[in-house]
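Residues in the sequence shown are numbered from 1 upward in steps of one, following full-length UniProt numbering. Contents: one structure, followed by commentary.
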Amino acid sequence: MDIPRTAKKRRRTPLLYGALILGVLVLITFGMSQLGQAAPEVDGASVWIDSVKQGEMIRQVVGTGTLVPENFRWITADTAGRIEHLPLRPGASVKADTQLMELSNPDVALQALEAERQLAVAEGELMALKEELEIQRLQEESSLARLRTEQVTTRRRAESSTALGEKQYIASVEMQELNEKSEELGQQLQLQQRRLEVIARSMTDRLTAQRAQVQRLKAVVDFRRGQVESMKVRARTDGLLQELSVELGQWVTPGMVLAKVIQPGVLKAVLRVPETQAKDVQPGQSVKVDTRTGLVPGKVARIAPAAVQGTVLVEVSLEGELPAGARPDLSVEGTIELERLNEVLNVGRPAGAQPSSSMELFRLTADGTHAERVKVHLGRSSVNTIEVLDGLAVGDRVILSDMSAWSEVPRVKVQ
Numbered sequence: 001m002d003i004p005r006t007a008k009k010r011r012r013t014p015l016l017y018g019a020l021i022l023g024v025l026v027l028i029t030f031g032m033s034q035l036g037q038a039a040p041e042v043d044g045a046s047v048w049i050d051s052v053k054q055g056e057m058i059r060q061v062v063g064t065g066t067l068v069p070e071n072f073r074w075i076t077a078d079t080a081g082r083i084e085h086l087p088l089r090p091g092a093s094v095k096a097d098t099q100l101m102e103l104s105n106p107d108v109a110l111q112a113l114e115a116e117r118q119l120a121v122a123e124g125e126l127m128a129l130k131e132e133l134e135i136q137r138l139q140e141e142s143s144l145a146r147l148r149t150e151q152v153t154t155r156r157r158a159e160s161s162t163a164l165g166e167k168q169y170i171a172s173v174e175m176q177e178l179n180e181k182s183e184e185l186g187q188q189l190q191l192q193q194r195r196l197e198v199i200a201r202s203m204t205d206r207l208t209a210q211r212a213q214v215q216r217l218k219a220v221v222d223f224r225r226g227q228v229e230s231m232k233v234r235a236r237t238d239g240l241l242q243e244l245s246v247e248l249g250q251w252v253t254p255g256m257v258l259a260k261v262i263q264p265g266v267l268k269a270v271l272r273v274p275e276t277q278a279k280d281v282q283p284g285q286s287v288k289v290d291t292r293t294g295l296v297p298g299k300v301a302r303i304a305p306a307a308v309q310g311t312v313l314v315e316v317s318l319e320g321e322l323p324a325g326a327r328p329d330l331s332v333e334g335t336i337e338l339e340r341l342n343e344v345l346n347v348g349r350p351a352g353a354q355p356s357s358s359m360e361l362f363r364l365t366a367d368g369t370h371a372e373r374v375k376v377h378l379g380r381s382s383v384n385t386i387e388v389l390d391g392l393a394v395g396d397r398v399i400l401s402d403m404s405a406w407s408e409v410p411r412v413k414v415q
C-alpha cells in the first residue's frame with residue numbers, strides 16, 4: 001500500500017514560484033532593453049521624400065546677377081573746368097546733341113583767344129611775304145629783260161661791225177670789243193636766268209614753310225575752339241541718361257567720367273556663377289532668365305576668363321521680348337542648361353550632396369513605416385537633381401532632408 005508524501009509537494013511549490021518570478025524578471029529586462037533600442041521617430045510631413053527615377057535628367061546651374069545695357073557710352077571731360085549748369089537728371093531721354101551740363105574755365109577761353117591771335121599774325125606774315133617775294137621776282141625779271149635787250153642790241157652791233165671789219169671800214173680792235181661785249185652780256189643773261197630760277201625755288205620754299213605755320217596754327221585754333229565747345233558737354237549718342245557722376249560746383253579734370261548714356265531697349269544679363277559650377281558652362285548654351293515678372297530665353301555669350309570673389313561672370317544675350325518692368329540694374333536669376341542626360345538613374349538632390357561622391361541616405365521600407373540607412377554613390381548633379389550610380393534602384397523612396405541629427409542610428413520610424 002502506497003503512502004502519500006505530502007511533505008515533498010510542499011517543498012516543490014516555492015521552487016516553482018521562484019522560477020516563475022525569475023522568468024518574469026528576465027522578460028521585463030529584455031523588454032526594457034528592447035524599448036531602449038527602439039527606432040527614433042521622424043515626422044513624415046516635415047521631411048522631403050523623393051522616388052528614384054530613370055529617364056532624362058537635365059543638368060543645370062543657377063546664377064544671380066543684373067540686367068545691363070548692351071550698348072552704352074561713358075561721357076568724359078575733354079578739358080578741366082567747373083560744373084556750372086546741370087539741366088537734366090538721370091532717367092531723361094537724350095539725343096546726340098542734347099546738352100547734359102556746362103563747364104566754365106577762363107584759362108581755356110584765354111588760350112583760345114591767344115591761338116586766334118597767333119593765327120592772325122601768321123596769316124598777316126604770309127600775305128607780307130607773298131608781296132615781298134612778288135616784288136623781288138618782278139625786280140629780277142626786270143633785270144633779266146634789261147640784260148636780254150642789251151645783249152640783243154650788242155649782238156647786232158657786233159654782227160654789223162664784223163661785216164664792216166671784213167670790208168675794212170672799221171678798225172679790228174673796235175670789232176673785237178663789240179664781240180667780247182656781246183659774249184659777256186650773253187653770260188650775264190644766263191646767270192640772271194639761273195638766279196631767277198633759284199629765287200623762284202626759294203620763294204616756293206619760304207611760302208610753303210609759312211603756309212605750314214598757318215595750317216599748324218589753324219589746327220591749334222580748332223583744338224582750342226573745340227575745348228571751349230567741349231565745356232558744353234553733350235550726350236554724343238541717342239539713348240537714356242542713366243547716371244550723372246558730378247554735382248554743381250565740382251571741379252573736373254580731363255578724362256574724368258561725367259555721365260553714362262545707355263540704349264535701354266537692348267539689354268543683356270550678367271550672371272555670377274559659383275566657380276565650382278562654372279567649369280561646364282560654354283558659350284551657346286541655353287539660358288532662362290527670371291526677371292521676377294517673366295522668363296526670357298537667352299544664350300551664353302561670353303564667360304569671364306578669371307574668377308572674382310568665388311564667382312565667374314557669365315554674359316547672356318537675351319533673345320526674347322523683355323517683360324514689362326525690365327530695366328538696367330534689375331536683379332535677375334538665370335538657369336543655364338549644361339546638358340541633357342538620357343536614361344540615367346536620378347533622384348532629387350539630397351541636402352549636402354556633392355557630385356561624384358558617396359553619402360548615406362535613409363531609404364523607406366516597402367510599407368513606408370520605417371527608413372533604413374544605405375550608402376549611395378552619386379554622379380553628375382544639377383540644381384535640384386543628382387545622378388545615382390549605385391546603392392538605389394528605380395522606385396526606391398529616400399529622405400532628402402538633412403538627417404544629420406540621426407547620424408548614429410541605422411533606421412528611423414516614419415510617422
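Virtual Cβ for every residue (Gly too), placed ideally from N, Cα, C.
Same chain only: Cβ atoms within 7 Å of residue 330, ignoring 5 sequence neighbours per side: These residues qualify, in order along the chain: 66, 67 and 291.
Simplified DSSP state of residue 410, which is helix, strand or coil: coil
For residue 285, three-class secondary structure by DSSP: coil
Three-state secondary structure (DSSP) of residue 57: Residue 57 falls in the strand class under three-state DSSP.
Host beta strand (DSSP E) of residue 76 (start-end): 72-76
Simplified DSSP assignment, three categories, for residue 36: With a pLDDT of only 41 at residue 36, under 50, the local geometry of the prediction cannot be trusted, and the value read off the model is given with reservation. Three-state DSSP puts residue 36 in a helix.
Straight-line gap, residue 127 to residue 190 (C-alpha atoms, nearest Å): 31 Å
Test item: CB-CB of residue 378 and residue 357 under 8 Å: yes
Identity of the residue in 318, 286, 302 and 257 nearest residue 81 by Cα: 257
C-alpha gap between residue 237 and residue 73, whole angstroms: 8 Å
The beta strand (DSSP E) enclosing residue 269, as first and last residue numbers: 267-274
Inter-residue spacing [alpha-carbon to alpha-carbon] between residue 387 and residue 350: Rounded to the nearest angstrom, the gap between the Cα atoms of residue 387 and residue 350 is 11 Å.
Between the CA atoms of residue 269 and residue 242 - distance to the nearest angstrom: 17 Å
Of the residues 244, 185 and 218, the one placed nearest residue 87, counting alpha carbons only: Here the closest residue by C-alpha is 244.
Exposure of residue 135, with buried meaning 16 or more beta-carbon neighbours within 10 Å: Residue burial is scored here from C-beta neighbours: residue 135 has fewer than 16 other C-beta atoms within 10 angstroms and is therefore classed as exposed.
C-beta atoms of residue 100 and residue 209 nearer than 8 Å: no
Per DSSP, the bridge partner or partners of residue 371: 364 and 412
Distance between beta carbons of residue 185 and residue 138, contact taken as under 8 Å: So it is not a contact: roughly 21 Å between Cβ atoms.
Cα-Cα separation between residue 293 and residue 335, rounded to whole angstroms: If I take the Cα positions, the gap works out to 15 Å.
Sufficient close CB pairs (3 or more, under 8 Å) joining the segment 295-313 to the segment 360-367: no
Contact check, residue 281 vs residue 300, beta carbons under 8 Å: yes
Cβ-based burial, residue 323 [other Cβ within 10 Å; buried from 16]: exposed
Backbone secondary structure at residue 90 - three-state DSSP: The three-state secondary structure of residue 90, taken from DSSP, is coil.
Three-pair Cβ contact test at 8 Å for the segment 47-66 versus the segment 195-214: no
Backbone CA spacing between residue 218 and residue 119 [nearest angstrom]: 6 Å
Which listed residue (304, 289 and 303) has its alpha carbon closest to that of residue 297: 289
Bounding residues of the beta strand (DSSP E) (the contiguous stretch that carries residue 101): 99-104
Given residue 96 as reference, the closest of 76, 326, 181 and 261 once Cα atoms are compared: 261
Beta-carbon spacing of residue 76, residue 255 below 8 Å: For residue 76 and residue 255, yes; Cβs fall inside 8 Å.
Presumed contact (8 Å Cβ cut-off) between residue 115 and residue 220, rounded CB distance: The pair is a contact, with the Cβ atoms about 5 Å apart (cut-off 8 Å).
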